[in-house]
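J.: Once you've had a glance at the structure underneath, I'll fire off some questions.
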Amino acid sequence: MKPCMMTFFDARSRMLATFMFSGAVALIQDVRIAALACALPLLSIACAPPSFARIARPLLHINVLFLLTALMTIPFVPGETLWMAGPIPVTREGLLFMALITLKGNAVVAWCVVWLGSMEPATLGHALSRLRLPTPFIRLLMSTIRYIDVLQEEYACMRMAMRARGFKPQLTRLSLRAHGLLVGALLLRSLERADRVADAMKCRGHHGVYAATETLVWRAADTALMIGLGAACALLLLGGMP
Amino acid sequence: MHISEGILSPPALAAGWVCALAGVAVGARRTRPEDVPRVALLGAAFFVTTFMRIPIGPAHAHLVVNGLAGILLGWRAMPALFIALMLQAVLFQYGGPVVLGVNTVIIAGPAVLAHYFYRLLAGRAPGPGRAGMAGGLAGAGAVACSVAGMALCLTWTDPAFRAAAASLVLVHIPLMLIEGMISAVTVMFLYRVKKELLPGSTW
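From first to last, the protein sequence lines stand for chains E and P.
Mapping of the first sequence onto my numbering: residues 1 to 242, in sequence order.
Mapping of the second sequence onto my numbering: residues 243 to 445, in sequence order.
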């Protein structure tokens, strides 16, 4: 992944900052404060702009979802009717309710793209390990991260073989059966690989702990980030909680 | 099938985290050290399988396969799916950090139910047909429970979401049927090829 300004911060502080910001945004109940909260991810984007596709795709995805939700929600929020869309009343409270949700959703997604989007999955695992999450969980996480790429390649290979035989995904019984067999074959190959991996790991004396290949260093900038963001979140909560 | 950030109320989010952490703790405790590679690889396989797209008219449906995960992993599906959902939130921003607890409960919770439902329907010595039928019903039932869970969370947050929740259930009915058929074929395949993977074995 492309290095950006956020990689200057320690992975642990980026994760803690994400949880702190998302938690604070989840508690905001005032649409003006939610709009103000969007300033933080916007500032982050200005400092370390991700590629257009990287930021646009998830934002487009959730905003289409929010638009559909708004169409089915606004008429059912009681309040002062602003206008009638045919027989359906559009209320002021309904619009504010959906605006609040949309702003909160966009703020958190944009924050996550900037602060976590540039993080390698393995770094995420090491950061969680250094944050003292339980060892069995970390072991499972690191093993999952390790094998996602391998299985993605295996899946792509199987799909290519199906396409070479003229298979086209359709909503037919035959196509669904082919998908079922594909899932079955993928699971079976995964399990065979898992057994081989377990044996190989045992041979090499693996005792369940993955060695960290990178050093995480908590700098003064990370402490400053925690303090600054903590203060900003506290201010947002003071103004935004009911 | 994820709930996005910003929608749910703080009590719903907090309840989701409490239930998810309890489930993940139970699942992690039931995962013996020698099971880790298998559980992790199955978790990775389910992560990859969710990219499978089935065309429905002009749109596509993504598979959830939580029923299959539950049938094969039981309680161990809780940590496996929690990790898959966490990686989806970090890598693709599906869901998010605060709503991860609720998303785990609505996807991994029905997976655990599917495990017991499969055992109940398949019995001790099923043939491939009965195993497939049980797998299909468990797969479709897990998606149905997940959708019901999403609808409940939305209406708990605000009754104004009732219409959105109802349409969510309707939209997911084809996915339930598709998942049911795919789960049935997969379970029948696994029954014929590697029966010891299905519930009843000791792995």
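All C-beta atoms, glycine included, are put in the ideal place defined by N, C-alpha and C.
Quantities reported herein were computed from a predicted structural model and do not represent experimental measurements.
Starting from ILE62(E) and walking both ways along the alpha helix (DSSP H), at which residues does that stretch end?
T.: 52 to 73
J.: Could you name the residues of the segment 175 to 190 of chain E whose beta carbon sits closer than 7 Å to any beta carbon of chain P, in the order they occur along the chain?
T.: Of all residues in the segment 175 to 190 of chain E, LEU176, ARG177, HIS179, GLY180, LEU181, VAL183, GLY184, LEU186, LEU187, LEU188 and SER190 have a Cβ within less than 7 Å of some Cβ in chain P.
J.: Hey, could you find the ends of the beta strand (DSSP E) ILE45(E) is sitting in?
T.: Where ILE45(E) is concerned, there is no enclosing beta strand (DSSP E), although the alpha helix (DSSP H) it sits in stretches over 39 to 47.
J.: Does any residue of chain E have a CB that is nearer than 9 Å to the CB of SER388(P)?
T.: no
J.: Quick check on this structure: which residue in VAL344(P), VAL290(P) and ALA282(P) has the alpha carbon closest to the alpha carbon of LEU141(E)?
T.: Closest option to LEU141(E), Cα to Cα, is ALA282(P).
J.: When the Cα atoms are used, what is the spatial distance from ALA254(P) to ARG163(E)?
T.: Distance between the alpha carbons of ALA254(P) and ARG163(E): 44 Å.
J.: Can you tell me which of PHE66(E), MET5(E) and ALA53(E) puts its alpha carbon nearest to the alpha carbon of GLY248(P)?
T.: Minimum Cα-Cα distance from GLY248(P) among the listed residues PHE66(E), MET5(E) and ALA53(E) corresponds to PHE66(E).
J.: Go ahead and label MET241(E) buried or exposed: buried means 16 or more other beta carbons lie within 10 angstroms of its beta carbon, across all protein chains shown.
T.: exposed
J.: Excluding the five sequence neighbours on either side, which residues of its own chain have a C-beta within less than 7 Å of the C-beta of PRO50(E), listed in chain order?
T.: VAL113, VAL114 and GLY117
J.: When Cβ atoms are compared, which residues of the segment 132 to 147 of chain E fall closer than 9 Å to chain P?
T.: PRO134, PRO136, PHE137, ARG139, LEU140, LEU141, MET142, SER143, THR144, ILE145, ARG146 and TYR147
J.: On the criterion of 16 or more Cβ atoms from any shown chain inside 10 Å, does PHE288(P) qualify as buried, or is it exposed?
T.: buried
J.: Using a Cβ-Cβ cutoff of less than 7 Å, which residues in the same chain neighbour TYR336(P) once the five nearest sequence positions on both sides are dropped?
T.: HIS244 and GLN330
J.: Can you tell me the Cα-Cα spacing of ILE415(P) and MET72(E), whole angstroms?
T.: The alpha-carbon atoms of ILE415(P) and MET72(E) are separated by roughly 19 Å.
J.: Output, in chain order, the set of chain P residues within a Cβ distance shorter than 9 Å of GLY105(E).
T.: Neighbourhood of GLY105(E) in chain P, by CB distance below 9 Å: SER246, GLU247, GLY248, ILE249 and GLY338, in chain order.
J.: According to DSSP, which residues form a beta bridge with ARG295(P)?
T.: HIS304(P)
J.: Nearest CA to the CA of PHE359(P): which residue from VAL413(P), LEU440(P) and PRO297(P)?
T.: For PHE359(P), the closest alpha carbon among the candidates VAL413(P), LEU440(P) and PRO297(P) is that of LEU440(P).
J.: Compute the distance between the beta-carbons of ALA37(E) and ALA107(E), then report whether it is under 9 Å.
T.: yes
J.: I'd like to confirm something about ARG12(E): is its beta-carbon nearer than 8 Å to some heavy atom of the ligand SAM, or not?
T.: The ligand SAM is not part of the structure shown, which contains no ligands of any sort.
J.: Rank PRO370(P), ARG404(P), LEU410(P) and PHE334(P) by C-alpha distance to the C-alpha of CYS387(P) and give the top, closest one.
T.: LEU410(P)
J.: DSSP on TRP83(E), reduced to helix/strand/coil?
T.: strand
J.: According to the Cβ coordinates, are PHE324(P) and LEU342(P) closer than 9 Å?
T.: yes
J.: On the DSSP bridge list, what partners appear for VAL389(P)?
T.: None; VAL389(P) has no bridge partner.
J.: Using a Cβ-Cβ distance cut-off of 9 Å, determine whether PRO441(P) contacts chain E.
T.: Output row for PRO441(P): interface = no.
J.: Distance check for GLY391(P) and ILE348(P), CA to CA, integer angstroms please.
T.: 5 Å
J.: Using C-beta distances below 7 Å, list every residue in its chain close to PRO370(P), excluding the 5 sequence neighbours before and after it, in chain order.
T.: MET430, TYR433 and ARG434
J.: Can you say whether LYS202(E) is buried or exposed, counting buried as having 16 or more other CB atoms within 10 angstroms of its CB?
T.: exposed
J.: Of the choices ARG14(E), GLY230(E) and THR81(E), whose alpha-carbon is the least far from that of VAL332(P)?
T.: Out of ARG14(E), GLY230(E) and THR81(E), the CA that lies nearest to the CA of VAL332(P) is found in ARG14(E).
J.: Quick one: Cα of ASP10(E) to Cα of LEU82(E), how far?
T.: 49 Å
J.: Is there at least one Cβ from chain E nearer than 9 Å to THR291(P)'s Cβ?
T.: Chain E places a beta carbon closer than 9 Å to that of THR291(P), counting this residue as a contact.
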